[in-house]
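Please read the structure below before turning to the comments.
2 protein chains.
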Amino acid sequence: MSTRTKVGLIGLGAMGRGAATNLLAKGYDVVGFDVSAGALDWLRAQGGTPAGSLAELATRVRIVVCFVVNAQQTDDVLFGDGGLVGRLPAGAVFIACSTMDPGYVQTLAERLAVHAIALVDAPVTGGAVGAVAGTLTIMGSGTRGAFDEARPVLETFGARVHHLGPAGSGARMKVLNQLLCGVHLAAAGEALALARRQGLPLDLTLEILSSGAAGSWMLADRGPRMIAGAFDHVTSAVDIFVKDLSLVLDATRESRFPAALAHAAYLAFIETSARGLGALDDSAITTHYDRPGDRD
Amino acid sequence: MSTRTKVGLIGLGAMGRGAATNLLAKGYDVVGFDVSAGALDWLRAQGGTPAGSLAELATRVRIVVCFVVNAQQTDDVLFGDGGLVGRLPAGAVFIACSTMDPGYVQTLAERLAVHAIALVDAPVTGGAVGAVAGTLTIMGSGTRGAFDEARPVLETFGARVHHLGPAGSGARMKVLNQLLCGVHLAAAGEALALARRQGLPLDLTLEILSSGAAGSWMLADRGPRMIAGAFDHVTSAVDIFVKDLSLVLDATRESRFPAALAHAAYLAFIETSARGLGALDDSAITTHYDRPGDRD
Numbered sequence: 136m137s138t139r140t141k142v143g144l145i146g147l148g149a150m151g152r153g154a155a156t157n158l159l160a161k162g163y164d165v166v167g168f169d170v171s172a173g174a175l176d177w178l179r180a181q182g183g184t185p186a187g188s189l190a191e192l193a194t195r196v197r198i199v200v201c202f203v204v205n206a207q208q209t210d211d212v213l214f215g216d217g218g219l220v221g222r223l224p225a226g227a228v229f230i231a232c233s234t235m236d237p238g239y240v241q242t243l244a245e246r247l248a249v250h251a252i253a254l255v256d257a258p259v260t261g262g263a264v265g266a267v268a269g270t271l272t273i274m275g276s277g278t279r280g281a282f283d284e285a286r287p288v289l290e291t292f293g294a295r296v297h298h299l300g301p302a303g304s305g306a307r308m309k310v311l312n313q314l315l316c317g318v319h320l321a322a323a324g325e326a327l328a329l330a331r332r333q334g335l336p337l338d339l340t341l342e343i344l345s346s347g348a349a350g351s352w353m354l355a356d357r358g359p360r361m362i363a364g365a366f367d368h369v370t371s372a373v374d375i376f377v378k379d380l381s382l383v384l385d386a387t388r389e390s391r392f393p394a395a396l397a398h399a400a401y402l403a404f405i406e407t408s409a410r411g412l413g414a415l416d417d418s419a420i421t422t423h424y425d426r427p428g429d430r431d
Numbered sequence: 136m137s138t139r140t141k142v143g144l145i146g147l148g149a150m151g152r153g154a155a156t157n158l159l160a161k162g163y164d165v166v167g168f169d170v171s172a173g174a175l176d177w178l179r180a181q182g183g184t185p186a187g188s189l190a191e192l193a194t195r196v197r198i199v200v201c202f203v204v205n206a207q208q209t210d211d212v213l214f215g216d217g218g219l220v221g222r223l224p225a226g227a228v229f230i231a232c233s234t235m236d237p238g239y240v241q242t243l244a245e246r247l248a249v250h251a252i253a254l255v256d257a258p259v260t261g262g263a264v265g266a267v268a269g270t271l272t273i274m275g276s277g278t279r280g281a282f283d284e285a286r287p288v289l290e291t292f293g294a295r296v297h298h299l300g301p302a303g304s305g306a307r308m309k310v311l312n313q314l315l316c317g318v319h320l321a322a323a324g325e326a327l328a329l330a331r332r333q334g335l336p337l338d339l340t341l342e343i344l345s346s347g348a349a350g351s352w353m354l355a356d357r358g359p360r361m362i363a364g365a366f367d368h369v370t371s372a373v374d375i376f377v378k379d380l381s382l383v384l385d386a387t388r389e390s391r392f393p394a395a396l397a398h399a400a401y402l403a404f405i406e407t408s409a410r411g412l413g414a415l416d417d418s419a420i421t422t423h424y425d426r427p428g429d430r431d
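Residue numbers (the numbering used here), protein chains in the order written: chain P, 136 to 431; chain B, 136 to 431.
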């Protein structure tokens with residue numbers, strides 16, 4: 136029988152697989168669940184332990200990391216038919232890594248506390264590459280006790296693991312993070328499309344803009360894809376920013392905060408999605424500014 | 136009598152002084168002019184040669200670098216009473232380093248060509264620090280012949296000296312540069328003000344946002360000043376971005392280009408200026424989002 140510490144892991148997409156790889160490498164026994172059978176096969180091949188159901192997983196662990204897509208899926212995992220709540224042992228710690236509405240997260244902490252489950256709200260930034268490399272920045276929050284239990288687990292895939300306050304603080308930080316990511320991405324699209332319209336040499340434009348005060352992580356990362364126009368190679372989709380900037384709009388409305396830049400970026404993304412491009416790579420935002428024929 | 140190559144330098148503010156220091160260090164005789172007597176004293180103390188007037192300067196050099204504030208001052212220097220035009224020798228090269236409207240710059244090249252003066256349109260980025268260190272990025276343009284003459288001069292204070300095309304191309308690149316700088320600066324102000332409103336720890340917020348995909352040069356540079364609130368220490372004023380983003384708006388209108396992000400940033404800056412804060416450091420843009428009492 137294994138003496139390794141067991142940790143549950145729900146959601147074996149790109150992010151979850153990166154986390155699993157690091158947990159296994161650092162000596163954890165990963166008890167994993169995903170709705171995709173292929174994902175469970177992948178986990179077995181890595182040396183992890185697939186669970187047949189959420190209910191089965193709940194009986195075998197007391198710490199769970201959740202990398203599903205959004206709040207709806209998180210809620211289903213916990214409170215849906217056959218979900219974790221009512222099955223996890225008292226004192227269990229649920230680590231939610233998805234990007235979710237801060238208000239929902241705060242309420243979720245209270246709903247879980249009723250069942251003696253502690254919520255650690257821990258959204259991440261750094262992408263699938265960072266999850267595999269173990270270099271994610273983790274915006275953690277929750278009670279100190281629960282966070283201290285979660286920390287060693289989080290440190291297997293996070294290089295910078297922060298505690299920001301009570302549950303909901305992590306979600307609020309992630310909203311700020313996505314505000315800047317979305318605005319910088321839309322701004323990069325705007326600037327490079329304007330360069331194209333004005334007939335400036337695009338590779339040199341990107342080099343100049345990236346080298347100085349106009350630089351951003353998003354410009355350097357997405358700029359080459361905007362110029363190449365290879366939007367079918369999807370790293371992260373346009374519709375992800377429609378969702379994440381919606382969370383920004385909700386959070387700012389609640390705070391009575393006039394986030395004009397975030398709104399302008401949101402419109403650029405949803406207009407791009409409205410033109411049928413929502414599933415393309417988010418660098419396709421730059422086509423928002425094209426005239427018919429600009430890329431022929 | 137000096138055998139060093141003479142170069143004229145007009146405008147001895149922060150940028151012009153940085154350029155002068157590098158030109159002198161690299162063996163040029165700098166014949167300088169500024170409306171401020173103190174600036175001319177400064178030049179003499181550095182080993183340069185103050186000119187008593189623009190007319191005097193024009194008789195002594197055939198290459199002139201101009202670091203005045205805007206297009207109006209540039210036009211005065213050239214075509215105003217006692218200006219350079221009509222006095223500079225045929226074949227002279229005028230290097231304009233100010234941020235100006237691309238349309239104006241293009242016309243200026245034609246107006247100067249009539250007088251056998253070649254315009255090198257060469258706006259810079261990298262700030263006063265870069266001018267002193269000789270590390271500016273220079274967005275040069277103009278005819279190849281004129282640019283080749285200007286290049287050794289530009290390389291004394293620029294680390295990356297680019298030729299982008301005919302005169303006006305440099306100004307267009309600078310407009311793109313200022314679009315991104317202005318949007319990133321306003322976005323940093325928006326995100327850090329929202330963090331303040333939501334009670335997040337500000338230093339840690341800046342550290343987290345700067346460390347990943349949300350990062351920008353402007354966030355890293357202006358963020359600490361936004362948090363400290365030391366807006367009286369002016370590195371670059373709010374009204375500079377009112378001016379530079381106005382150039383962006385003009386250029387995009389001319390191109391029939393819907394630059395929504397640039398417009399949102401412009402509004403944040405001009406609203407901040409409208410509240411009487413135009414002369415403060417541009418990091419004061421973050422107060423645009425404050426409620427009364429937020430910084431008491």
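Using N, Cα and C, we set each Cβ at its ideal position, and we do this for glycine too.
Straight-line Cα distance separating residue j from residue i
| i | j | result |
| --- | --- | --- |
| residue 294 of chain P | residue 152 of chain B | 44 Å |
| residue 170 of chain P | residue 297 of chain P | 30 Å |
| residue 173 of chain P | residue 305 of chain B | 54 Å |
| residue 318 of chain P | residue 273 of chain P | 21 Å |
| residue 280 of chain P | residue 286 of chain P | 10 Å |
| residue 347 of chain B | residue 357 of chain B | 17 Å |
| residue 214 of chain B | residue 186 of chain B | 18 Å |
| residue 299 of chain P | residue 290 of chain P | 16 Å |
| residue 415 of chain P | residue 376 of chain P | 12 Å |
| residue 429 of chain B | residue 243 of chain P | 29 Å |
| residue 139 of chain B | residue 162 of chain B | 6 Å |
| residue 222 of chain P | residue 209 of chain P | 16 Å |
| residue 220 of chain B | residue 426 of chain P | 41 Å |
| residue 339 of chain P | residue 182 of chain P | 47 Å |
| residue 313 of chain P | residue 239 of chain B | 38 Å |
Buried or exposed by the 16-neighbour rule on C-beta atoms within 10 Å, applied to residue i
| i | result |
| --- | --- |
| residue 368 of chain P | exposed |
| residue 160 of chain B | exposed |
| residue 283 of chain B | exposed |
| residue 154 of chain B | buried |
| residue 249 of chain B | exposed |
| residue 363 of chain B | exposed |
| residue 251 of chain P | exposed |
| residue 176 of chain P | exposed |
| residue 180 of chain B | exposed |
| residue 207 of chain P | exposed |
Test item: CB-CB of residue i and residue j under 8 Å
| i | j | result |
| --- | --- | --- |
| residue 383 of chain B | residue 408 of chain B | no |
| residue 256 of chain B | residue 302 of chain B | yes |
| residue 158 of chain B | residue 178 of chain B | no |
| residue 353 of chain B | residue 327 of chain B | no |
| residue 308 of chain B | residue 343 of chain P | yes |
| residue 217 of chain B | residue 190 of chain B | yes |
| residue 417 of chain B | residue 341 of chain B | no |
| residue 349 of chain B | residue 316 of chain P | yes |
| residue 311 of chain B | residue 337 of chain P | no |
| residue 351 of chain P | residue 351 of chain B | yes |
| residue 198 of chain B | residue 288 of chain B | yes |
| residue 396 of chain B | residue 355 of chain P | no |
| residue 141 of chain B | residue 196 of chain B | yes |
| residue 399 of chain B | residue 365 of chain P | no |
8 Å contact criterion, which residue i and residue j should meet: CB distance rounded
| i | j | result |
| --- | --- | --- |
| residue 228 of chain B | residue 253 of chain B | 5 Å |
| residue 393 of chain P | residue 424 of chain B | 7 Å |
| residue 146 of chain P | residue 201 of chain P | 6 Å |
| residue 271 of chain P | residue 261 of chain P | 4 Å |
| residue 324 of chain P | residue 405 of chain P | Going by Cβ atoms, the distance from residue 324 of chain P to residue 405 of chain P rounds to 14 Å, so no, they are not a contact pair. |
Helix, strand or coil at residue i according to DSSP, with G and I counted as helix
| i | result |
| --- | --- |
| residue 235 of chain B | coil |
| residue 197 of chain P | coil |
| residue 295 of chain P | strand |
| residue 364 of chain P | coil |
| residue 317 of chain B | helix |
| residue 215 of chain P | coil |
| residue 491 of chain B | Examination of residue 491 of chain B is not possible in this model, given that chain B is present from 136 through 431 alone. |
| residue 262 of chain B | helix |
| residue 242 of chain P | helix |
| residue 349 of chain B | coil |
| residue 408 of chain B | helix |
| residue 305 of chain B | helix |
| residue 336 of chain B | coil |
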